[in-house]
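Here's the structure we're looking at; comments come further down.
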Amino acid sequence: MSASAAPRLLDWDCAFFGARIASLPLETRSERDLEAALEWCRRERVDCLYALSDEHDGPKRAWLEAKGARLVDERTTLSTPLVQRRTGSALDAVRPARAEDVPLMQAVAAEAHRDSRFWNDPRFPRERCASLYATWIAGEAQGRAAAVFVVEHAGRPAGYISCHERGAAEARHGDIGLVAVAEAARGRGLGGRLVDAALSWAAARGLPRMEVVTQGRNAGALGLYASRGFQPVLRQRWQHLWFDESMPG
Ligand SMILES: CC(C)(COP(=O)(O)OP(=O)(O)OC[C@H]1O[C@@H](n2cnc3c(N)ncnc32)[C@H](O)[C@@H]1OP(=O)(O)O)[C@@H](O)C(=O)NCCC(=O)NCCS
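Its first residue numbered 2, the sequence shown is counted upward by one per residue in our numbering.
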């Protein structure tokens, strides 16, 4: 198996979930490389293997499924070109996140991201899934994201969006990290305001386009991004293979 086709252990995921978790490169496609990758996982006592595949990777997906892998997400990348955007009243109630907003943002995050592949995989404890997104939004607010905005409702933060700048030179673009609105405050235009704020932020930095990755079955997120002009540009699939459920050989 070539080095680029070999799975690798994910230190952060191993520590967070208390299990041995590895990831299979997108490029690992041939049956020979897939066999070798699974053998490596068994030798390394891997509990769970994450595998990403592209649209044309049907044979890889079928091979992994026959080994016991379950489809956990349709990873969908969307993009919109950035034009000069109007700021002002449309962004009322949206402001940069402050340190004291973090606990409320974490409470929203712990409940919100239920269409994600972790929530979709019953093998991950529900408490760990909630904690994953609470940890993630705290990290974004504490400096991992280039900007985090909150939207207020009834005098307190009810949602958030995190923004990144990715790529270099020609490939430079904005990227939305996490976005969510508390369940009780949805359907009032708050999510739309958050996306508008992120688009204004990216346009002000001279970025040519904004991207976001979401789940192909997340009707709320797809509706939100479609309403702001995003179009799907890439569809991939996530599978998780748990070795104590896998087929031998
Ligand atoms: C996605 C989410 C942020 C939308 O927030 P919201 O405040 O309810 O959204 P808004 O009321 O501002 O709606 C904005 C647009 O999205 C559309 N939309 C919102 N929810 C929708 C749904 N469930 N199905 C279809 N369209 C939807 C609205 O029709 C609206 O379009 P319009 O401006 O053309 O009328 C919210 O549902 C949420 O927090 N979901 C859980 C977290 C999540 O999935 N985040 C995205 C992961 S990348």
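The C-beta atom is built at its ideal place from N, Cα and C for all residues, glycine as well.
Say yes only if the C-beta of residue i is nearer than 7 Å to one or more non-hydrogen atoms of ligand 1, and no if none qualify.
i      : result
Arg187 : yes
Ser3   : no
His114 : yes
Ser54  : no
Thr77  : no
Val213 : yes
Asn219 : yes
Gly175 : no
Val182 : yes
Ser228 : yes
If you check the beta carbons only, do residue i and residue j fall under 8 Å apart?
i      : j      : result
Ala23  : Arg9   : yes
Ala142 : Val95  : no
Arg62  : Gln240 : yes
Tyr134 : Ala108 : no
Glu166 : Leu225 : no
Ser132 : Val149 : no
Phe244 : Asp48  : yes
Pro82  : Arg236 : no
Phe231 : Val213 : yes
Gly193 : Ser228 : yes
Leu191 : Gly160 : yes
Give the straight-line distance between the Cα atoms of residue i and residue j, rounded to the nearest whole angstrom.
i      : j      : result
Phe119 : Ser3   : 29 Å
Ser201 : Leu35  : 44 Å
Gly89  : Pro26  : At Gly89, the pLDDT of 48 sits below 50, so the modelled position is not reliable and the matter cannot be decided from this model.
Val180 : Ala16  : 25 Å
Pro233 : Gly156 : 35 Å
Glu246 : Trp41  : 17 Å
Leu242 : Glu101 : 39 Å
Pro60  : Glu32  : 9 Å
Asp1   : Ile177 : Since the first residue of the chain shown is 2 and the last is 250, residue 1 is not available in this structure.
Thr77  : Gln216 : 6 Å
Gly168 : Ile138 : 22 Å
Phe18  : Thr136 : 13 Å
Trp64  : Met106 : 40 Å
With residue i as the anchor, note down where its alpha helix (DSSP H) starts and where it stops.
i      : result
Gly188 : Where Gly188 is concerned, there is no enclosing alpha helix (DSSP H), given that its DSSP letter is neither H nor E.
Arg118 : Arg118 to Asn121
Thr136 : Arg127 to Gly140
Ser228 : Ala220 to Ser228
First and last residue of the beta strand (DSSP E) that includes residue i?
i      : result
Leu211 : Checking the sequence shown, residue 211 turns out to be Met, not Leu. From DSSP, the beta strand (DSSP E) with Met211 extends over Arg210 to Gln216.
Gly160 : Arg157 to Arg167
Val109 : Per DSSP, Val109 belongs to no beta strand (DSSP E); it is in the alpha helix (DSSP H), Val103 to Ala113.
So which of the options has the shortest CA-CA distance to residue i?
i      : options                           : result
Asp122 : Phe150, Pro97 and Leu72           : Leu72
Val84  : Trp243, Ala205, Asp245 and Arg238 : Ala205
Asp74  : Arg99, Asn219 and Phe18           : Asn219
Pro158 : Leu39, Ala98 and Arg46            : Ala98
Arg173 : Leu53, Ala203, Asp197 and Leu11   : Ala203
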